[in-house]
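These notes are about the structure you will find just below.
Numbering (full-length UniProt numbering), first residue to last: 1 to 735.
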C-alpha cells in the first residue's frame, strides 16, 4: 500500500475506534491561552494541509501534478502562523503548507487551497509563480516564495530582520516591515548542517552579541532525517541550546498546544527583546522525502511505524476530543469533507490555462518597472558640506578609485535608502579606499561593516531589499564571490521569476576584481573570470574601464536597481583604480575631472564606448583590455593601421545592435578579452559577429586557461599591449 494511503487509513481507523494517543504532559490549552476557536482553526488548517498532500500525489499519478514534496508530519507550523502577525515576513521551508493555509485565515478574501491547487497543476493562473513552480508563497500573506532550497534563504532572512533596526535608526517609515515586526525563517534539521545555514546562525548571533537589533525566529522543524540520512539524536539541541547570541526554545510540533506555546514564546521574545530565537520544533516526516521516495528502502519498519504513531493529526484529534471541542466522528467528517472539496477544486484547477510559449516562461525574468519617489536634489551647500576638503579637488583630474568614492557619496546623499555594506567598508574606507569617508559622512546605519562572510553580505543585501532599502554590498575580491554565488544565482536572480514579478530584491553589487595588479598577485586577488555572472538570467553585469565611465555607469546601475528593480553586478578593475597614465609616465590620460550629478552625458545600459573611427580594424574589448587596446592602437596607428577601439562597458546583457553599429564599416574585428579563453565573453562575441557580420574577418585574443601566479609572472597569461598589437597585425596580414 502507498505510504500516504496507509497513514490516511490509520488516522481514520484511530478516529473510528477512539484509539487516540495520550497527550501525556503536553500543555493545557487554558494555561497557555489557546482558545477553542483558535485551536479549532489551527486543527482544520492541519487537516487541510494533509489532504492537500494526498491530493498532490494523486494528481502526479495522473500526470496533472508535478511536485510532491509534502508537509505531512510538519503540520505543527500552522500553530506558528497563529502566533505571528501577517506583517511578520516569513521565509519558509518547503514543508510549510499548513503555515500558509493558516496565515490565509488571518487575511480576508483569501482562497489558499484554490491558489495552491493551481500551483500543483502548474497553471498560469497560479497567483504566486504564474505556473513556473510549485512554491510556498503569497504576496498578500507576506511570504516570499522559495523553491527547493537547502537553507539558502536563511541569510536573506537575517538581512530582512537586520533592516528593521536600521530603518528605525534612520527614521524610515511606511516600509513593508513595521518597526515592531519579526522575521521568521524555517528549515529542517538536516539543512541546519549546511554551511549557508551555519553562516546565517553565526551572523545573527554575531550581530545580537554586539547589541544590534535582530528580531528573527529560526524555526528548525526537526524530523530527525535528511532525505535518507538520520540526524544523530540530540544533535540539534546540543548545537543550539547554548549558542552565543541565540535564545533557544524547544517545543513539540506534533502536539498542537505545545507548538502554539513554543511559537508564542518565540514570537514574544523576538518582538520584545529584538533578538534572534532558535525555535527547535520536534516534528515527524511521514511518507518519505518526496514523490517516489520509499522510506522502507533505508529505514527499519519499526522506526517508520513509530513515526506514524507520532502523526500530528492523531495528537490534534486527541486534544480536540479531550477538550470536548470536537468528537472523533466530527473530526472524521470534517477531514473527509475537506478531502472531497479539494478533489472537486482540483478537477477545476487542472483545466485552467498553462504556460505555452517561451516568451511566457520568461516574462518575469526581468522585474517590472516601478514608480519611485524622486531623488533628493542636494543643494550646492549640502554637497559642499558633505565633501568638505574634497570639494576643492573636484576640478582636478583624478583616478577611478577617488571618482567612484565621490560618486557613491553623491548617490547616498540623493537616495536615503542606499546602504553600503561589506568587509572593511566603514572607517577604514575599504581595501582600496573606494568607500573612504562614507562612514564619517553617513554613519554606521548606512555604511555597515560586516563580518567576513560573503554569504552574509549578499544575504544582508537581499533581505534589506525586501524592506525597501537599496543595498550596495561590496565583495572585496572577485574570487571571494564564489563562496556565496548561490545567493545571486539561486536567490536574488530567481525571486522575480518565481514570484511572477511580485517580489524583487534590487541591488548594486560592487566587486573589486580582474587581473593585472602590479603589487598583489595570487589567484584569489587576481581572478580573471566573469563566467559566474554571465549565465544568470536577468542579472546585469557592468565593467567600467576608466573613472569617468565608472561614475556614470554606477549612476545608471543605481537607476536600474531603483526604478527597474534589477540585480546589478558592478565589477571594478582593481588594476585601474589608481591608474593615471596611458602611454607614458605623467601623461595623465587615464584620469578625469569629477562630473557631478547632472553634469556630463549619462551612460545607459547597453551603450558602448568608441575611440576612433578607423575602418581597417575594430578592437572590441572591456575593462583592462580597453586600457591595453588603447595603447596597442597607438602602436598600430604609427604603422598606418586605422583602428577604432570599442569598450563594451556592459557585458550582460550585450546590446548586439549597438555593438554591431559601433563596429560600423571596419573590415576586421579583433576581440580582446582579459578573461580566460574558455568560458569568457569572447566566445559569445565571436558567435555574435559570425552570425551578424559574416563579411568581416574575426579573431580573438584572450587569457590562457590558467590561474594567475604571484609576482612578476602575474600578467604572463593575459593579453598585453604587445600581444594585442601582434594579434591585430596577424589579422590584417591574412588579407
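Just so it is clear, CB atoms sit at the ideal spot from N, CA and C, and this is done for glycine as well.
Entirely within the region 101-179 and at least 4 residues each: give me those alpha helix (DSSP H) ranges in chain order.
Runs of the alpha helix (DSSP H) inside the region 101-179: 112-120, 154-170.
Going along the chain, which unbroken runs of the alpha helix (DSSP H) with 4 or more residues stay wholly within the region 485-544?
If we require 4 residues or more, the alpha helix (DSSP H) runs fully inside the region 485-544 come out as 493-498, 531-534.
Determine whether the beta carbon atoms of residue 158 and residue 459 lie at a separation below 7 Å.
Cβ distance < 7 Å, so residue 158 and residue 459 count as in contact.
Limits of the unbroken beta strand (DSSP E) element including residue 275:
For residue 275, no beta strand (DSSP E) encloses it, and the DSSP letter there is neither H nor E.
What distance in whole Å lies between the Cβ atoms of residue 652 and residue 576, which are believed to be in contact at a cut-off of 8 Å?
The Cβ separation is near 20 Å, so there is no contact.
Given a threshold of 16 other Cβ atoms within 10 Å of its Cβ, counted over all protein chains shown, does residue 301 qualify as buried or as exposed?
Flag for residue 301 reads exposed.
Pairwise C-alpha distance: residue 417 and residue 557:
Rounded to whole angstroms, the gap between the alpha carbons of residue 557 and residue 417 is 15 Å.
Does residue 225 pass the burial test, meaning 16 or more other C-beta atoms within 10 Å, or should it be called exposed?
Label assigned to residue 225: buried.
Quick one: measure Cβ to Cβ for residue 635 and residue 561, integer angstroms, because I've assumed they're closer than 8 Å.
About 40 Å separates the Cβ atoms of residue 635 and residue 561, ruling out a contact at the 8 Å cut-off.
Closest Cα partner of residue 667 within the set 659, 705, 616, 712
If we check each option's Cα against that of residue 667, 616 comes out closest.
In the DSSP assignment, find the alpha helix (DSSP H) that holds residue 595 and state where it starts and stops.
Here residue 595 belongs to no alpha helix (DSSP H), and DSSP marks it neither H nor E.
If we count the other Cβ atoms within 10 Å of its Cβ and call it buried at 16 or more, is residue 35 buried or exposed?
Label assigned to residue 35: exposed.
Note down, in chain order, each residue of its chain lying with its Cβ closer than 6 Å to the Cβ of residue 127, except the 5 sequence neighbours on either side.
Same-chain partners within the cutoff: 115.
Rounded C-alpha distance that separates residue 375 from residue 411
Inter-residue distance for residue 375 and residue 411 is about 9 Å (C-alpha atoms, whole angstroms).
Whole-angstrom C-beta distance between residue 334 and residue 44, which should lie under 8 Å:
Contact check for residue 44 and residue 334: beta-carbon distance about 7 Å, within the 8 Å limit, so the pair qualifies.
Spatial neighbours of residue 90 in its chain, beta-carbon cut-off 6 Å, leaving aside the 5 residues before and after:
So the list reads 143, 184, once near-sequence residues are dropped.
So, residue 246 versus residue 276, is the Cβ gap smaller than 7 Å?
Yes.
Just the Cα atoms here: how many angstroms apart are residue 569 and residue 511?
Roughly 7 Å between the two C-alpha positions.
Under the three-state reduction of DSSP, which class applies to residue 301: helix, strand or coil?
Reduced to three states, the DSSP call for residue 301 is helix.
Can you tell me whether residue 317 is buried or exposed? The criterion is at least 16 other CB atoms within 10 Å of its CB, across all chains shown.
With 16 or more other Cβ atoms within 10 Å, it is buried.
Three or more beta-carbon pairs under 8 Å between the region 317-329 and the region 285-304, yes or no?
Pairwise C-beta distances place the region 317-329 out of contact with the region 285-304, as fewer than three of them are shorter than 8 Å.
Is it buried or exposed, residue 298, if we count other Cβ atoms within 10 angstroms and call 16 or more buried?
With fewer than 16 Cβ atoms within 10 Å of its Cβ, residue 298 is classed as exposed.
Alpha helix (DSSP H) segments (min. 4 residues) lying fully within the region 678-709
Within the region 678-709, the runs of alpha helix (DSSP H) that reach at least 4 residues and sit entirely inside it are, in chain order, 681-692.
Hey, would you say residue 687 sits closer than 7 Å to residue 350, going by beta carbons?
If you check the CB distance, residue 687 and residue 350 do not come in under 7 Å.
From 86, 125, 117, 629, residue whose alpha carbon lies closest to that of residue 108
Nearest C-alpha to residue 108: 86.
Exposed or buried, which one is residue 48 when buried takes at least 16 other CB atoms within 10 Å?
It is buried - the Cβ of residue 48 has at least 16 other Cβ atoms within 10 Å.
According to the neighbour-count rule (16 or more other Cβ atoms, all chains shown, within 10 Å of its Cβ), is residue 671 buried or exposed?
Within 10 angstroms of the beta-carbon of residue 671 lie 16 or more other beta-carbons, which makes it buried.
Need the endpoints of the beta strand (DSSP E) that residue 419 sits in, please.
Per DSSP, residue 419 belongs to the beta strand (DSSP E) from 418-422.
Short check: CB of residue 233 to CB of residue 367, under 7 Å?
With respect to residue 367, residue 233 sits apart: the two C-beta atoms are not nearer than 7 Å.
For residue 162 and residue 463, believed in contact at Cβ under 8 Å, the rounded distance:
At roughly 7 Å, the Cβ-Cβ gap stays under 8 Å, so residue 463 and residue 162 are in contact.
Spatial distance of residue 444 from residue 347 (CA atoms)
Going from the Cα of residue 444 to the Cα of residue 347 covers about 56 Å.
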